[in-house]
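Visitor:
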Amino acid sequence: MIGFDNLNAYYDVALKEARLAQLRQFPGFAFTKGDLADGEAVRLVFEAHRPGFVAHLAAQAGVRHSLKAPQDFISANLVGFFHIIETCRAFAVRHLVYASSSSVYGANTRQPYSVSDSVDHPLSLYAATKKSNELVAHTYSHIHGLPTTGLRFFTVYGPWGRPDMALFLFTRAILAGEPIDVYNHGQMKRDFTYVDDIVEGVVRTLAQPAAPDPAWTGAAPDPGSSAAPWRVYNIGNNEPVALLDMIAMVERALGREAKKTLLPMQPGDVPSTYADIKALEQAVGFRPSTPLDVGIGRFVAWYRDFYRVRARR
Numbered sequence: 022m023i024g025f026d027n028l029n030a031y032y033d034v035a036l037k038e039a040r041l042a043q044l045r046q047f048p049g050f051a052f053t054k055g056d057l058a059d060g061e062a063v064r065l066v067f068e069a070h071r072p073g074f075v076a077h078l079a080a081q082a083g084v085r086h087s088l089k090a091p092q093d094f095i096s097a098n099l100v101g102f103f104h105i106i107e108t109c110r111a112f113a114v115r116h117l118v119y120a121s122s123s124s125v126y127g128a129n130t131r132q133p134y135s136v137s138d139s140v141d142h143p144l145s146l147y148a149a150t151k152k153s154n155e156l157v158a159h160t161y162s163h164i165h166g167l168p169t170t171g172l173r174f175f176t177v178y179g180p181w182g183r184p185d186m187a188l189f190l191f192t193r194a195i196l197a198g199e200p201i202d203v204y205n206h207g208q209m210k211r212d213f214t215y216v217d218d219i220v221e222g223v224v225r226t227l228a229q230p231a232a233p234d235p236a237w238t239g240a241a242p243d244p245g246s247s248a249a250p251w252r253v254y255n256i257g258n259n260e261p262v263a264l265l266d267m268i269a270m271v272e273r274a275l276g277r278e279a280k281k282t283l284l285p286m287q288p289g290d291v292p293s294t295y296a297d298i299k300a301l302e303q304a305v306g307f308r309p310s311t312p313l314d315v316g317i318g319r320f321v322a323w324y325r326d327f328y329r330v331r332a333r334r
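Take a look at the structure:
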């Protein structure tokens with residue numbers, strides 16, 4: 022298993038280093054520090070290790086960050102993705118699985134979101150880059166026969182997660198006795214998906230290279246499949262939860278009540294996400310198995326241990 026990352030300072034590098042230390046405990050794991058925007062660095066890793074399967078999960082994340090630093094998203098998510106897929110082509114990789122995002126559904130309001138829905142109205146540059154990745158992947162699958170699968174992640178959470186995500190922010194603030202920012206006055210729903218379920222879905226998908234869909238026709242094109250070896254799937258918990266209910270679960274896990282600051286919707290955000298995962302279930306047998314309250318409890322336990330925060334007696 023080969024890891025490649027630039028360990029940038031978008032969030033706490035110490036957390037990234039600690040994650041990496043966990044990975045280094047696995048026999049056979051190799052790591053190279055490098056930037057996806059550096060095509061030669063990517064090529065050298067492929068040349069040294071000759072991977073047969075590639076899981077491309079690296080990107081510049083954050084809808085709100087894309088409003089402030091758009092250049093980061095062009096470099097990592099567009100240029101970086103090109104370097105990955107072009108190198109996969111050059112080294113005849115058997116299957117490329119890459120992280121897309123539920124944000125591609127943008128202005129769509131019909132739910133649950135289906136991979137057969139059009140996704141042509143992104144609401145953030147981050148979403149636009151993820152949609153662009155899917156289009157580039159289709160081109161490579163069509164022209165070069167490279168099997169590619171995009172997984173549209175829905176609000177991933179769990180131990181070792183990103184500090185800019187709601188669960189991490191809420192936990193930190195509540196333990197510090199600080200107020201939490203609750204957007205859209207709490208009228209939000211999210212399809213929270215536990216990290217272990219995500220990992221299972223990625224591994225299952227990676228092992229089954231995309232194949233052409235014999236039923237696909239250009240007369241009535243299905244946006245979720247193709248006559249090329251290309252697929253996109255939703256990977257979510259298939260159960261949206263109200264943000265205020267999620268906060269109540271965090272409060273119970275911490276044994277503390279949150280001080281809430283109710284705020285309007287942020288630019289680029291959407292009020293609700295809900296994944297239709299039937300296509301992925303049919304393709305690889307994926308079903309999430311972690312209830313949100315269980316996942317939050319595991320995250321809180323990890324957070325207390327990692328940051329040495331004692332529980333109240």
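The opening residue of the sequence shown carries number 22 in this note's numbering; numbering runs sequentially from there.
Glycine residues also receive a C-beta, built at the ideal position from the N, C-alpha and C atoms.
State the DSSP-derived secondary structure class of H116, mapped to helix, strand or coil.
Guide: In the structure shown, H116 sits in a strand (DSSP, three-state: E or B).
Visitor: Just list the residues that DSSP pairs T311 with in beta bridges.
Guide: Answer is none; T311 lacks a bridge partner.
Visitor: Mark S310 as exposed unless 16 or more other C-beta atoms lie within 10 angstroms of its C-beta, in which case mark it buried.
Guide: Classification of S310: exposed, given that the 10 Å Cβ count is below 16.
Visitor: Quick one, which of S139, Q132 and Y204 has its alpha-carbon nearest S246's?
Guide: Selected option, being the one with the closest Cα: S139.
Visitor: If you pair each beta-carbon of the region 219 to 238 with each one of the region 276 to 290, do three or more pairs fall below 8 Å?
Guide: With a cut-off of 8 Å, the region 276 to 290 and the region 219 to 238 do not count as touching, because too few Cβ pairs lie within range.
Visitor: Check for me: the alpha helix (DSSP H) holding D266 runs from which residue to which?
Guide: Where D266 is concerned, the enclosing alpha helix (DSSP H) stretches over L264 to L275.
Visitor: Exposed or buried, which one is K89 when buried takes at least 16 other CB atoms within 10 Å?
Guide: Label assigned to K89: exposed.
Visitor: Just verifying my parser: in three-state terms, what is the DSSP assignment at S246?
Guide: Of the three classes helix, strand and coil, the one that applies to S246 here is coil, per DSSP.
Visitor: How do the region 23 to 32 and the region 56 to 67 stand: do at least 3 beta-carbon pairs fall below 8 Å, yes or no?
Guide: The region 23 to 32, when compared against the region 56 to 67, does touch it at the 8 Å Cβ threshold.
Visitor: Need the endpoints of the alpha helix (DSSP H) that F103 sits in, please.
Guide: G101 to A111 is the extent of the alpha helix (DSSP H) around F103.
Visitor: Where do the N-terminal and C-terminal ends of the beta strand (DSSP E) with D218 fall, by residue?
Guide: Looking at the DSSP string, D218 is not in any beta strand (DSSP E); the run it does join, the alpha helix (DSSP H), is V216 to L227.
Visitor: Whose C-beta lies closer than 8 Å to the C-beta of L122 among residues of the same chain, with five residues either side of it excluded?
Guide: Strictly speaking, residue 122 in this sequence is Ser, with Leu absent from that position. Taken in chain order, the residues that qualify are Y147, A148, K151, R173 and F174.
Visitor: According to DSSP, R173 sits in a beta bridge with which residue or residues?
Guide: According to DSSP, R173 bridges with S121 and N255.
Visitor: Following the continuous beta strand (DSSP E) through F52, name the residue where it begins and the one where it ends.
Guide: A51 to K54 is the extent of the beta strand (DSSP E) around F52.
Visitor: If we ignore side chains and look at the alpha-carbon of each, how far apart do R319 and T238 end up?
Guide: Approximately 45 Å between the Cα atoms of the pair.
Visitor: Please confirm whether R110 and L167 have their CB atoms less than 7 Å apart.
Guide: Contact flag set, yes.
Visitor: Confirm, please, whether the CB-CB distance from P261 to K299 is below 7 Å.
Guide: In this structure, P261 does not lie closer than 7 Å to K299 by Cβ.
Visitor: Grab me the residues of R331's own chain with a C-beta within less than 8 Å of its C-beta, minus the 5 sequence neighbours each way, in chain order.
Guide: The answer, listed in chain order, is R325.
Visitor: For Y178, which residues in the same chain have their Cβ closer than 6 Å to its Cβ, ignoring the five residues on either side in sequence?
Guide: So the list reads L188 and F213, once near-sequence residues are dropped.
Visitor: Which residue comes first and which comes last in the beta strand (DSSP E) that contains D212?
Guide: Taken as a continuous stretch (DSSP letters only), D212 belongs to no beta strand (DSSP E), as it is neither H nor E.
Visitor: Quick check: the Cα distance between L36 and V136, rounded to an integer number of angstroms?
Guide: About 34 Å.
Visitor: Are the beta-carbon atoms belonging to H116 and A128 less than 7 Å from one another?
Guide: Going by C-beta atoms, H116 is not nearer than 7 Å to A128.
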